[in-house]
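Accompanying notes for the structure given below.
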Amino acid sequence: MQEAQFKIVFNGELMPEVPLEVAKSNLATLFKTDLSKVERLFSGQVAIIKSNLSNDEADRYLGALHRAGAKASKEPERLTPELSLMETEEELAAQAVQSSASMTCPKCGHTQSQSSECAACGIIIEKYLARQAQAHDSKPQGKAIPASPYAPPSADVGETMPLHGELKPFSVTGRIGRLRYLAWSLVIMAATAGLFGVAAVIMAVSSTAGLICMGLIGIGMLVVSVQIGIQRLHDFGWSGWLILLNLVPFLGSLFPFVMLLMPGNREVNRYGSPPPPNSRSVKVLAALWLVLIVSGLVAALTVPALVDLRHGTGL
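Using my numbering, read the sequence shown as starting at 122 and increasing by one per residue.
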């Protein structure tokens, strides 16, 4: 009995809560192709991603596409008739018609009953057709016909996605872990402090220009902080829109701790592959947070005591 065959089709529909740009980026990585070619899959036309697959192979392809964010589906292929050594009635009838049918010579156009040789010009028809085919193949080929704009990428979607995702500090796509989130946040704070110092110098010359610079610096810090926060949420499979929970009263004071403490997925999720291992610089920058926290606690405990001591001595 012939084994059932399946095909994978896609009409541009996405998995729930998967942004379009994220799905396109994941599919480009999965297909190992350009993002412009993946755009063709979202034209509204039904595209056949892969065909002639067994049930297990189809499920494997389907799982890879679903993890990338594409809501593809599996459909059965149209089965072909099974092979048989016995001639069917249709085949016997076709042979009878063929034996009684007439033929036309491809060279002179003479009509006669089926034969390997033309009765009028004497050519051997099979050899003549072979020479014609050979002459056609030797001619220079013209411009190749462009591929259909709706053709799916030719890469094998069964291939696994990259082991580690690409780091994109100024993007809302991708994933980062807890230590890298701490390290990047510290870099943002240090850069912002330095830029505010420059803005303070400008303000000494022109208060208006200084205020404008500080406003632009604050907006830039906010945008980059939101971008890396979204990537942190992606690491444990949550939608980036949940970053807005930081604006909710009371909940906004707890949610940053969730972002800091929640471990990420070790496997590929709908937002891409896991981030690369933490480098030494990332670990050092993350450890500096402990230094800052301890320094702050020490200052909070010692400064009031020093102030009281100073007042007690009359200094």
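Where is the CB? At the ideal position from N, CA and C, for every residue including glycine. Keep in mind it's a predicted model, so treat the numbers as computed, not measured.
What do you get for residue i, buried or exposed, if any count of 16 or more other CB atoms within 10 angstroms of its CB means buried?
i    : result
N147 : buried
M310 : exposed
V389 : buried
Q235 : exposed
Q348 : buried
F376 : buried
R188 : buried
S306 : buried
V369 : exposed
V403 : buried
G373 : exposed
A254 : exposed
D177 : exposed
C239 : buried
C226 : buried
K248 : exposed
I170 : buried
L183 : buried
G318 : exposed
T423 : exposed
A149 : buried
L141 : exposed
Rounded to whole angstroms, how far is the Cβ of residue i from the Cβ of residue j, which I believe are closer than 8 Å?
i    : j    : result
K195 : F152 : The Cβ separation is near 18 Å, so there is no contact.
L162 : G133 : 6 Å
I297 : R353 : 6 Å
G385 : F357 : 5 Å
I338 : A320 : 6 Å
S175 : E198 : Wrong, their Cβ atoms sit about 11 Å apart, outside the cutoff.
Helix, strand or coil for residue i per DSSP?
i    : result
I351 : helix
M383 : coil
F127 : strand
I244 : coil
L288 : coil
Q262 : Its pLDDT being 48, under 50, Q262 is placed unreliably in this model, and the coordinates cannot settle the point.
G393 : strand
I170 : strand
P197 : strand
T329 : helix
M324 : helix
T154 : coil
M136 : coil
T232 : strand
E238 : strand
T225 : strand
S220 : In this predicted model, S220 has a pLDDT of only 49, less than 50, meaning its place in the structure is not dependable enough to derive any value.
Mind checking whether residue i and residue j have CB atoms under 8 Å apart?
i    : j    : result
L186 : A179 : no
I351 : I340 : no
V167 : V130 : yes
G315 : I323 : no
R391 : V159 : no
R301 : P395 : no
H355 : G295 : yes
V304 : L406 : The sequence as given places Ala at residue 304; Val does not occur at that position. Yes, they are a contact pair.
T313 : M335 : no
K228 : I244 : yes
G190 : L250 : no
L381 : R299 : yes
F291 : V345 : yes
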